[in-house]
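Per the numbering used here, residue 384 is the first one in the sequence shown, and the count goes up by one each step. Positions of the beta carbon are idealized from the N, C-alpha and C atoms, including for glycine.
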Amino acid sequence: MRKQGSIINGFVLILVGLFFLAAQFVPGLASLINFGQLWPLIVLGLGVIFLVSAVLGRTPGLAIPGTILTGIGSNLLYFNSTDNWHHWPLWLLVPCYVGVGLILNSTMNGRSWRHAMPAAGILMFIGSGLFFIFLAADLWPIALIVVGTALLLRNLRRRTKHAVSHKL
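This is the structure:
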């Protein structure tokens, strides 16, 4: 099983090396790909290579770095494509990528996905929770309004119950 993963990784490295070597000696080959804009595809591609190696090479442990690199590569591709580098809450999704990797690793090892759910669930909850909290950073006054409304309603209910009990 490990030999098969090494063969796949070696093959991919040879192909990538051949492309970059050819790009140095064949005029115009490097200009086919705009590396200034698409450099995040390198990180994304590495993640996909890890994921493919995990599946084809039957090395489930590669699923974890594969999902992390694929997620980070997706973040970088979004930032670079939209020039929206100030949207930092996307980095808070990295724990979610780890959680997905744990679930993939568990299922590829022949265990139920439920085996990885405690750790993966905690990581995914923290990551997505922080992401949405900081994504809604401009909407924090709504939380004050909700808490204030809850306090008022609770106080009004107590007064109503208290008034009803005194009448009886």
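Could you give the distance in angstroms between the alpha-carbon of residue i and the alpha-carbon of residue j?
i, j, result
"V431", "G449", "6 angstroms"
"T442", "Y461", "29 angstroms"
"L401", "I391", "15 angstroms"
"N467", "M507", "24 angstroms"
"L527", "G493", "47 angstroms"
"I451", "G419", "23 angstroms"
"F408", "I416", "15 angstroms"
"R541", "V530", "17 angstroms"
"F403", "T465", "27 angstroms"
"L421", "V399", "15 angstroms"
"G512", "G393", "39 angstroms"
"Y480", "N538", "43 angstroms"
"T532", "F517", "23 angstroms"
"P524", "M500", "34 angstroms"
"H469", "I447", "27 angstroms"
Grab me the residues of residue i's own chain with a C-beta within less than 7 angstroms of its C-beta, minus the 5 sequence neighbours each way, in chain order.
i, result
"F514", "P472, L475, L476"
"T453", "L427, G430, V431, L434"
Would you mind reading off the limits of the alpha helix (DSSP H) that contains residue i?
i, result
"T490", "477-491"
"T465", "446-465"
"P423", "423-439"
Which same chain residues, not among the five before or five after residue i, have their C-beta less than 6 angstroms away from its C-beta?
i, result
"G456", "P423, V426, L427, G430"
"A560", "Residue 560 is absent from the model: the chain starts at 384 and stops at 551."
"N458", "L473"
"L445", "F433, S436, A437"
"A406", "L412, A413"
"P478", "L506, I509, G510"
"H498", "S489"
Below 8 angstroms CB to CB, which residues in the same chain sit around residue i once its five sequence neighbours on both sides are set aside?
i, result
"I397", "none"
Would residue i count as contacting chain D if we go by Cβ distances under 7 angstroms?
i, result
"L412", "The displayed structure is made up of one protein chain only, and chain D is not part of it."
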